[in-house]
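Engineer: Residue numbers (our numbering): 45 to 541.
Backbone N, C-alpha and C define an ideal beta-carbon position, used for all residues, glycine too.
Every value quoted in this text rests on a predicted model; they were computed, and no experiment measured them.
I am attaching a structure below and will ask some questions about it afterwards.
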Amino acid sequence: MTVWQGIKQYRKAVFWSVVFSLCIVMDGYDLGFTGTLYAHPAFQAQFGEPYKNGYQISAAWQTGFHVTGKVGNMIGVLLDGYFSERLGRRTVSLVTLAMLAGLIFMQFFAKTLPVFLVGRFLAGVPIGVFQAAANTYAAEVCPTVLRSYLTTYVCLCWVMGQFICAGVTYELSKLHNEWGWRIIIAVQWAWIPPLLVLIWFAPESPWWLVREELYDEAEKMVIRLTDGSVNPKESVAMMIHTTRLEMETSSGVSYLDCFRGTDLRRTEIACLVYGIQAGVGNPLQAYTTYFFQQAGLPTSESFKLNIGNNATSFVGTMLTWPLLYYFGRRTVFFGGLCCMTVLYFAIGFAGIPDMTNTSANWAKSSLLIVYLFFYCPTVGATVYVIVGEVGASRLRSKTVALARNFYCLVAIISGIIVPYMLNPTAWNWSAKAGFFYGGISILCLVWVYLRLPEMKGRTYEELDILFDRRIPARRFKSEPIDAYAEYDELTKIKSEA
Numbered sequence: 045m046t047v048w049q050g051i052k053q054y055r056k057a058v059f060w061s062v063v064f065s066l067c068i069v070m071d072g073y074d075l076g077f078t079g080t081l082y083a084h085p086a087f088q089a090q091f092g093e094p095y096k097n098g099y100q101i102s103a104a105w106q107t108g109f110h111v112t113g114k115v116g117n118m119i120g121v122l123l124d125g126y127f128s129e130r131l132g133r134r135t136v137s138l139v140t141l142a143m144l145a146g147l148i149f150m151q152f153f154a155k156t157l158p159v160f161l162v163g164r165f166l167a168g169v170p171i172g173v174f175q176a177a178a179n180t181y182a183a184e185v186c187p188t189v190l191r192s193y194l195t196t197y198v199c200l201c202w203v204m205g206q207f208i209c210a211g212v213t214y215e216l217s218k219l220h221n222e223w224g225w226r227i228i229i230a231v232q233w234a235w236i237p238p239l240l241v242l243i244w245f246a247p248e249s250p251w252w253l254v255r256e257e258l259y260d261e262a263e264k265m266v267i268r269l270t271d272g273s274v275n276p277k278e279s280v281a282m283m284i285h286t287t288r289l290e291m292e293t294s295s296g297v298s299y300l301d302c303f304r305g306t307d308l309r310r311t312e313i314a315c316l317v318y319g320i321q322a323g324v325g326n327p328l329q330a331y332t333t334y335f336f337q338q339a340g341l342p343t344s345e346s347f348k349l350n351i352g353n354n355a356t357s358f359v360g361t362m363l364t365w366p367l368l369y370y371f372g373r374r375t376v377f378f379g380g381l382c383c384m385t386v387l388y389f390a391i392g393f394a395g396i397p398d399m400t401n402t403s404a405n406w407a408k409s410s411l412l413i414v415y416l417f418f419y420c421p422t423v424g425a426t427v428y429v430i431v432g433e434v435g436a437s438r439l440r441s442k443t444v445a446l447a448r449n450f451y452c453l454v455a456i457i458s459g460i461i462v463p464y465m466l467n468p469t470a471w472n473w474s475a476k477a478g479f480f481y482g483g484i485s486i487l488c489l490v491w492v493y494l495r496l497p498e499m500k501g502r503t504y505e506e507l508d509i510l511f512d513r514r515i516p517a518r519r520f521k522s523e524p525i526d527a528y529a530e531y532d533e534l535t536k537i538k539s540e541a
């Protein structure tokens, strides 16, 4: 099946996957406005401490906002892994959207930093659910040929959220009263009603229905997800076959099962690629406006440059599709990480001159934008494809949940140290933080080369067999596989045992 044939036959699945992924726009917006508020004059004046000719939100409070939000994300991700397997993807998403609509009020009406902190934590829980649910749904409703495109779209939605945030915060940075930052938070309410309506009519994942042994319902969902040319009985039979193959090689559907047998390797890959994204890709991205400000650019220019930064990220993410089509997951991820490592060191060297050097200030800010252009189509977007593919079907939601929680854990560590790196009242490293992340990137490159397999074009059955055979990462691309013959052999062995 070609990509175009897949789009024609599964255009309804593409539409519903796009709808579910739009929830991630809120995650991108949430991440964007948190870092941007630290640079917003009205927010600084209301909650900050006097510093030179203005105000600064202390590094300790910045760390607190970031950490509590990520802890909320971790709880939400775990809850999704548990409840989505019991209630289904659609039901969990509807309940979560309704919860978020209410929890935004706490941040909107906050008068003190502690109240805002609690609001960040509580709102982080539903955001965490979206982080896991969108990727799982996209991986389950589309055919193999479209898998990379729809899981990558999750990342594009995240960039869209940041892009929207950049435009909103730029306009509202000119409003020097409390509404300048409160409206930024209120904008989140705008897309909850349409998402609630759309997801209410969305079909449930047929893979989840098969695992619940609701085969008739699964066939109905296949019909709703395709153009009528796909035989629903054959599609559901393939899902049943894959599920049984996994049960032949290993059993169990708990979080603990993700760390047993060959599933341990799959969990390692999912967690580590997400960890690399959080530990190497995202640390400075969440603070771009603040980074530009601390790099020596005026506040107005920092907000303008952030819009350009997000536009660059959007274009970069769009390049993921042709890159994955021609080169595959492993090559794109490894190549992107190589480029990011070089650019991190370049940013570090650009940070050596004094901040009175205007050319150096623009150089390090521009290098960060170039860095994000390389990050978005490689490490940034490819992660969603890898994590959506690598887990066993029966453990997919839990594998995604564990991986996303590992991401949050690494992000918490980064969230603790980055404000201290950038804040002039703390370590004041500014762009020299590039040296630190460049060093970490080198270590990550070693792991990627040795452990990350190429999964392009492999069906879920084939991946199950490759992991069960313990094929080395560098041989995944070329190893010959006959999924049905392998299943027959496993069944024969078990019957003789």
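Taking its Cβ as the centre, do 16 or more other Cβ atoms sit within 10 Å of W60, making it buried, or is it exposed?
Structural biologist: It is buried - the Cβ of W60 has at least 16 other Cβ atoms within 10 Å.
Engineer: For D512, count neighbouring Cβ atoms within 10 angstroms of its own Cβ and tell me buried if that reaches 16, exposed if not.
Structural biologist: D512 comes out buried.
Engineer: According to DSSP, Q100 sits in a beta bridge with which residue or residues?
Structural biologist: Answer is E93, bridged to Q100.
Engineer: Among the candidates D508, Q53 and P497, whose CA atom is the shortest distance from the CA of P187?
Structural biologist: Checked all of D508, Q53 and P497; the closest Cα to P187 is Q53.
Engineer: Could you give the residue range of the alpha helix (DSSP H) that holds A455?
Structural biologist: Taken as a continuous stretch (DSSP letters only), the alpha helix (DSSP H) holding A455 covers R440 to L466.
Engineer: Would you say T332 touches the ligand GDP, meaning its beta carbon is less than 7 Å from a heavy atom?
Structural biologist: The ligand GDP is not part of the structure shown, which contains no ligands of any sort.
Engineer: Determine whether the beta carbon atoms of Y299 and I208 lie at a separation below 8 Å.
Structural biologist: Taking 8 Å as the Cβ cut-off, Y299 and I208 do not qualify as a contacting pair.
Engineer: Should the segment 82 to 91 be called in touch with the segment 342 to 352, which here means at least 3 C-beta pairs below 8 Å?
Structural biologist: Yes, since at least three Cβ pairs between the segment 82 to 91 and the segment 342 to 352 fall closer than 8 Å, the two stretches touch.
Engineer: Using only the alpha-carbon positions, how far apart do G435 and L308 sit?
Structural biologist: Their backbone Cα atoms lie some 10 Å apart in a straight line.
Engineer: Could you pull out every residue in the same chain whose Cβ sits closer than 7 Å to the Cβ of F91, ignoring the five residues on either side in sequence?
Structural biologist: Cβ within range, chain order: I101 and L157.
Engineer: For S474, I'd like the list of residues in its chain whose CB is within less than 7 Å of its CB, leaving aside the five on either flank, ordered along the chain.
Structural biologist: Closer than 7 Å at Cβ, skipping near neighbours: Q338, A339, G395 and L466.
Engineer: For I171, report the span of its alpha helix (DSSP H) as first-last.
Structural biologist: First-last of the alpha helix (DSSP H) with I171: L157 to V185.
Engineer: DSSP three-state label for I525, please.
Structural biologist: Of the three classes helix, strand and coil, the one that applies to I525 here is coil, per DSSP.
Engineer: What residue from T375, G352 and M143 has the CA that sits closest to L496's CA?
Structural biologist: Nearest option by C-alpha distance: T375.
Engineer: Count the other CB atoms, across all protein chains shown, that sit within 10 Å of the CB of A541; report buried if there are 16 or more and exposed otherwise.
Structural biologist: Residue confidence is low: A541 scores 45 on pLDDT, short of 50, so the model does not pin down where it sits. Its coordinate-derived value is still stated next. With fewer than 16 Cβ atoms within 10 Å of its Cβ, A541 is classed as exposed.
Engineer: For the segment 388 to 402 against the segment 488 to 495, do three or more pairs of beta-carbon atoms, one drawn from each stretch, fall closer than 8 Å, so that the two count as touching?
Structural biologist: No, the segment 388 to 402 does not touch the segment 488 to 495.
Engineer: For H110, does the count of other Cβ atoms within 10 angstroms reach 16, so buried, or fall short, so exposed?
Structural biologist: Result: buried.
Engineer: Our contact map puts V449 next to V121 with C-beta atoms below 8 Å; I'd like the distance itself, whole angstroms only.
Structural biologist: Per the sequence shown, residue 449 should be read as Asn rather than Val. So it is a contact: roughly 5 Å between Cβ atoms.
Engineer: Between the Cα of T46 and those of A57, E248, Y369 and R438, spot the shortest distance and give me the residue it belongs to.
Structural biologist: Checked all of A57, E248, Y369 and R438; the closest Cα to T46 is Y369.
Engineer: Could you check what DSSP says for G482 in three-state terms: helix, strand or coil?
Structural biologist: Here G482 sits in helix by DSSP.
Engineer: Taking only three categories from DSSP, how would you classify F245?
Structural biologist: F245: coil per DSSP, three-state reduction.
Engineer: Does the segment 251 to 261 come into contact with the segment 144 to 159, if we say contact requires no fewer than three beta-carbon pairs (one atom in each stretch) closer than 8 Å?
Structural biologist: Verdict: no, contact absent.
Engineer: Grab the span of the alpha helix (DSSP H) containing S474 for me, first residue to last.
Structural biologist: Run containing S474: none; DSSP gives neither H nor E here.
Engineer: Note the first and the last residue of the continuous alpha helix (DSSP H) segment covering Y318.
Structural biologist: Unbroken alpha helix (DSSP H) run through Y318: T306 to I320.
Engineer: By DSSP, does Y493 sit in helix, in strand, or in coil?
Structural biologist: In this structure, Y493 counts as helix in the three-state DSSP scheme.
Engineer: For the alpha helix (DSSP H) that contains N405, what are its first and last residues?
Structural biologist: N405 -> alpha helix (DSSP H) spans T402 to Y419.
Engineer: Expressed to the nearest angstrom, what Euclidean distance is found between the alpha-carbon atoms of M265 and S249?
Structural biologist: If I take the Cα positions, the gap works out to 7 Å.
Engineer: Measure the alpha-carbon distance for A441 versus I430 and round it to whole angstroms.
Structural biologist: Checking the sequence, you will find Ser at residue 441 rather than Ala. Approximately 13 Å, taken between the alpha carbons.
Engineer: So, under 8 Å CB-CB, L328 and C201 are touching, yes? Tell me the CB distance rounded to an integer number of Å.
Structural biologist: About 21 Å separates the two Cβ atoms, so there is no contact after all.
Engineer: Report yes if the C-beta distance between Q151 and I229 is below 8 Å; otherwise report no.
Structural biologist: In this structure, I229 lies closer than 8 Å to Q151 by Cβ.
Engineer: Please classify P342: does DSSP put it in a helix, a strand, or coil?
Structural biologist: P342 falls in the coil class under three-state DSSP.
Engineer: Nearest CA to the CA of M362: which residue from E506, V198 and E222?
Structural biologist: M362 has its Cα closest to that of V198, out of E506, V198 and E222.
Engineer: Whose CA, out of L289, E433, V414 and L161, lies closest to the CA of V359?
Structural biologist: It is V414.
Engineer: Between the alpha carbons of G163 and G108, how many angstroms are there, rounded?
Structural biologist: Each residue's alpha carbon lies about 12 Å from the other.
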